[in-house]
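In my numbering, the protein residues as written are 1 to 383.
C-beta: ideal position from N, C-alpha, C; glycine also.
Owing to the predicted nature of the structure, the values given are computational and were not obtained by experimental measurement.
What follows is one structure encoded as structure tokens, with my remarks underneath.
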């Protein structure tokens, strides 16, 4: 039984719109209908891998034979590559919707390649970030016309990529001197994506955003801290004036919060607390020692633990399993980082190995038991 339908039935029963007998009949009908129509995971895995490999193979083929083609053949190949897959998606939309979605996703990927290849064919000397913007616009048009989740996922990936690329192009900065606001803004955006699914709002697009946010959250958090620490200060200072950073900071913090308001409505007030936590990294990030072997970085570990516990509490409050799992993983990583950076070097070799073994066995067992208990409580509350 899909979680979205179950939640809707519970809400309708509570509101008096449906009685339990009718809700049970709807549930039974959808279960019997879904058992025959729903694709099995091997089919979905084959479609996903096939789409990725097909996109990579086409791009590699074009790159390998690009120099051998005439300009006319190059442009014809670009047009064929961009147009063929949407046509295939349209032809299979009724008989095989999953395959149609795959074709449309591959077509949107090929659109980005076609934009940059067309610029190379006609020797367009322009801002290369405009190509990413056109690609994002194409993904937006695809989502508005078809309402397929791959277009929404590509749009959610391309828009931040364009904003970051635009900043580096305009400010003439290197990737290692880009500014703290970039990674802290991406961290807040990952938290916004992670909170896209709620009990009242379920859709394939929101599931894709949650997956993207979960994948990007921990790497963005680690890099955001490193950007605040000694790693960023080992380079020469940036030449960007402070007044010019006001608008980027407003975009880095305001854009994810505005997106949270659009997706979550009144529930976006919890995202404001996540923004406070992200901005608090500036106060606790270690500055004196990149190796983190001093006890003066205790504030950072405490703040990281607070963030992990807050993510777990957020998942409990909104009955979201993925936030509980990710929060437990973040807390475990915080403890391990603290042990390796501030405890292990103060012990002997044997004692440090015993300590990490005890920490992994008993600490991991305790965290896993706590995680299962919280997930079971959330599932019980949802049912």
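Determine the direct distance from the alpha carbon of residue 215 to that of residue 1, and round the result to whole angstroms.
-> Low per-residue confidence applies at residue 1: pLDDT is 47, beneath 50, and the placement is therefore not dependable, though the value from the model is reported in the following sentence. Between the C-alpha atoms of residue 1 and residue 215 there is a straight-line separation of about 26 angstroms.
According to the neighbour-count rule (16 or more other Cβ atoms, all chains shown, within 10 Å of its Cβ), is residue 145 buried or exposed?
-> Burial is judged here by how many other beta carbons sit within 10 angstroms of a residue's own beta carbon; residue 145 has fewer than 16 and is exposed.
Between 312, 324 and 182, which lies nearest to residue 160 when the distance is taken from Cα to Cα?
-> With distances taken between Cα atoms, residue 160 lies closest to 182.
Sufficient close CB pairs (3 or more, under 8 angstroms) joining the stretch 361–368 to the stretch 248–259 = No: the two stretches stay apart, fewer than three of their Cβ pairs being nearer than 8 angstroms.
Close Cβ partners of residue 325 (< 7 angstroms) along its chain, the five nearest in sequence each way excluded = Within the same chain, residue 325 has close Cβ partners 371.
Helix, strand or coil: which one does DSSP assign to residue 346?
-> For residue 346, the secondary structure class from DSSP, reduced to helix, strand or coil, is helix.
Identify every run of the alpha helix (DSSP H) within the stretch 52–130, keeping only runs that are complete inside it and at least 4 residues long; order them along the chain.
-> Counting whole runs of 4 or more residues, the stretch 52–130 contains the alpha helix (DSSP H) stretches 71–91 and 97–121.
Can you tell me whether DSSP reads residue 201 as helix, strand or coil?
-> Look at residue 201 here: in three-state DSSP terms it is coil, with no helix or strand label.
When we look at the beta-carbon of residue 115 and count the other beta-carbons within 10 Å, is it buried (16 or more) or exposed?
-> By the beta-carbon neighbour count (other beta carbons within 10 angstroms, threshold 16), residue 115 is buried.
Residue burial classification, residue 169 (beta-carbon count within 10 angstroms, cutoff 16) | Exposed is the label assigned to residue 169, since fewer than 16 other Cβ atoms lie within 10 Å of its Cβ.
Can you tell me the Cα-Cα spacing of residue 378 and residue 192, whole angstroms?
-> The alpha-carbon atoms of residue 378 and residue 192 are separated by roughly 21 angstroms.
Grouping DSSP H, G and I as helix and E and B as strand, with all else coil, what is residue 144?
-> Three-state DSSP puts residue 144 in a helix.
Under the assumption that residue 331 contacts residue 308 (Cβ atoms under 8 angstroms), give the Cβ distance between them as a whole number of angstroms.
-> The C-beta distance from residue 331 to residue 308 rounds to 4 angstroms, short enough to fall under 8 angstroms.
Going straight from the alpha carbon of residue 156 to that of residue 350, what length do you get?
-> Whole-angstrom Cα-Cα distance: 48 angstroms.
With burial defined as no fewer than 16 other Cβ atoms inside 10 Å of the residue's Cβ, what is the status of residue 104: buried or exposed?
-> Here residue 104 is buried: its Cβ has 16 or more other Cβ atoms, across all protein chains shown, within 10 Å.
Report, in whole angstroms, the separation of the C-beta atoms of residue 78 and residue 117, which I expect to be a contact under 8 angstroms.
-> Yes, they are in contact, since the Cβ atoms of residue 78 and residue 117 sit about 5 angstroms apart, within 8 angstroms.
Residue 57, buried or exposed, once every other Cβ within 10 Å from all chains shown has been counted against 16 = Of the other Cβ atoms in all chains shown, fewer than 16 fall within 10 Å of the Cβ of residue 57; this residue is therefore exposed.
Roughly how many whole angstroms lie between the Cα atoms of residue 375 and residue 184?
-> If you take the alpha carbons of residue 375 and residue 184, they lie about 29 angstroms apart.
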